[in-house]
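The numbering used here numbers the first residue of the sequence shown as 64 and each following residue consecutively.
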Amino acid sequence: MGTHKLLLPWQRQTVIDHVLDAWQASCVNKVVIVCRKDDHELAATIKRHPVDLVQPETAPIDMKASVLCGLHSLIDSQNPQPTDRCFVAPSDLPTLQTQVIDAVAAAATDPAHVVVPRFAGKSSHPVLFPISVMYQIIKIPPDRGLNHLVDSVEKVFVDLPGEQACPDIDTPQEYRALRDQH
């Protein structure tokens, strides 16, 4: 993209500022974000927020590795209880809204089920996991990602309006399209 996508402008701030503001305004009581150790500009931006920044010595190779880094930090700092839950979402969700996070959290009525938001029938982020399911990430085969885990457990879907969808931005075209819509 030329510029770090999380540092791109979004509604008078950066993408990561917007995303972290949404998490902080939600019912979530702890936000953990994983950032490469050599990503100084992003880390400096994240440090302006009251969140836990995890910077592993070795850069995570994929989202599963990033989630494991964050999970280990959460375990070390919070000592999660069996009834606790943990959201997992990529950081490049510029349209993420507090209302979406809170709606997913409110749907968490069964302690064994993963809660997945659906926008216009399509599963998306952020996904809410029971902590017991989060521990299973360690057992995911190396050639499989987090979807393998989500596909293997009981789920509850929360149907939300399509205009609240939280697509990630992987290309300049996706970023421009979302920016132009908002």
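Cβ coordinates follow ideal geometry from the N, Cα and C atoms, glycine included.
| Item | Value |
| --- | --- |
| Any chance you could list the alpha helix (DSSP H) runs of at least 4 consecutive residues sitting entirely within the segment 162–191, in chain order? | none |
| Bridge partners of proline 235, per DSSP? | In the DSSP output, where bridge partners are listed per residue, proline 235 has none listed. |
| Label cysteine 98 either buried or exposed according to how many other C-beta atoms from any shown protein chain fall within 10 Å of its C-beta, with 16 as the threshold for buried. | buried |
| Distance check for glutamine 160 and glutamine 227, CA to CA, integer angstroms please. | 7 Å |
| State the DSSP-derived secondary structure class of cysteine 149, mapped to helix, strand or coil. | strand |
| Select from Val179, Thr158 and His67 the residue whose C-alpha is nearest the C-alpha of cysteine 149. | Val179 |
| Please classify threonine 108: does DSSP put it in a helix, a strand, or coil? | helix |
| Return the CA-CA distance between valine 177 and isoleucine 164, expressed in angstroms with no decimal places. | 14 Å |
| Report the rounded CA-to-CA distance for arginine 242 versus proline 157, giving the unit in angstroms. | 9 Å |
| In the DSSP assignment, what are the bridge partners of aspartate 80? | Answer is none; aspartate 80 lacks a bridge partner. |
| Valine 221 lies in the beta strand (DSSP E); which residues open and close that run? | 218–223 |
| Taking C-alpha atoms, which residue in His245, Val196, Pro189 and Pro153 lies nearest to phenylalanine 220? | Pro189 |
| Under three-state DSSP, which class holds valine 95? | strand |
| Using 8 Å for Cβ pairs, my map puts leucine 134 next to methionine 197. What's the rounded Cβ distance? | 6 Å |
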